[in-house]
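Q: Before we start, here is the structure in question, set down as structure tokens.
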Amino acid sequence: MQQQGWRTYLYDAEQPYTPVASVTGRGESRQVWYYHTDVTGTPQEVTAADGTLVWAGYIRGFGENAADISNSGAYFHQPLRLPGQYFDDETGLHYNLFRYYAPECGRFVSQDP
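Sequential numbering from 1 applies to the sequence shown in the UniProt record's numbering.
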């Protein structure tokens with residue numbers, strides 16, 4: 001699985017912050033990954049174009065990622081959490097456009113701008 005370089009996310013036009021797919025690579029190395037979300041738009045599974053499950057996760061009530069599961073045996077980096085949140089690898093927090101959120105305590109750790 002390609003995990004280097006850029007990734008473009010495609011979102012549902014009628015449900016803001018609900019991912020439907022991501023595209024990695026360019027040209028012949030391009031790969032499309034399909035997101036399967038719950039009713040709130042939180043990612044539950046990601047599949048490859050052939051339907052192979054590449055990531056499954058369990059997100060707890062306040063957004064904490066309780067499990068990352070990959071049936072393919074390869075690591076798949078999936079940084080999207082609750083709608084509008086992006087997991088920041090450096091801080092371990094969730095980024096919400098203007099402030100950071102700590103899911104393990106269910107609180108924002110930075111002020112509104």
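From the three backbone atoms N, C-alpha and C, an ideal C-beta is built for every residue, glycine too.
Going by beta carbon distance, what residues of the same chain come within less than 7 Å of E104, once the five residues before and after it are set aside?
A: Position 104 of the sequence shown, counted from the start, is the residue given in the question as residue 104. Counting only Cβ-Cβ distances below 7 Å, and skipping sequence neighbours, we find E64.
Q: Return helix, strand or coil for G57, following the three-state DSSP convention.
A: By 1-based counting over the sequence shown, the position of residue 57 is 57. Looking at G57 - three-state DSSP - the assignment turns out to be strand.
Q: Among all the DSSP beta bridges, which residues are the ones paired with D45?
A: In the sequence shown, counting from the first residue as 1, residue 45 sits at position 45. Checking the sequence shown, residue 45 turns out to be Glu, not Asp. DSSP lists H36 and A56 as partners of E45.
Q: Taking the continuous beta strand (DSSP E) assigned at P19, which residues delimit it?
A: Taking the first residue of the sequence shown as position 1, residue 19 is located at position 19. Residues P19 to T24.
Q: Closest by CA to A67, which one among W33, Q44 and Y86?
A: Counting from one through the sequence shown, the residue named residue 67 turns up at place 67. Considering only alpha carbons, the answer is Q44.
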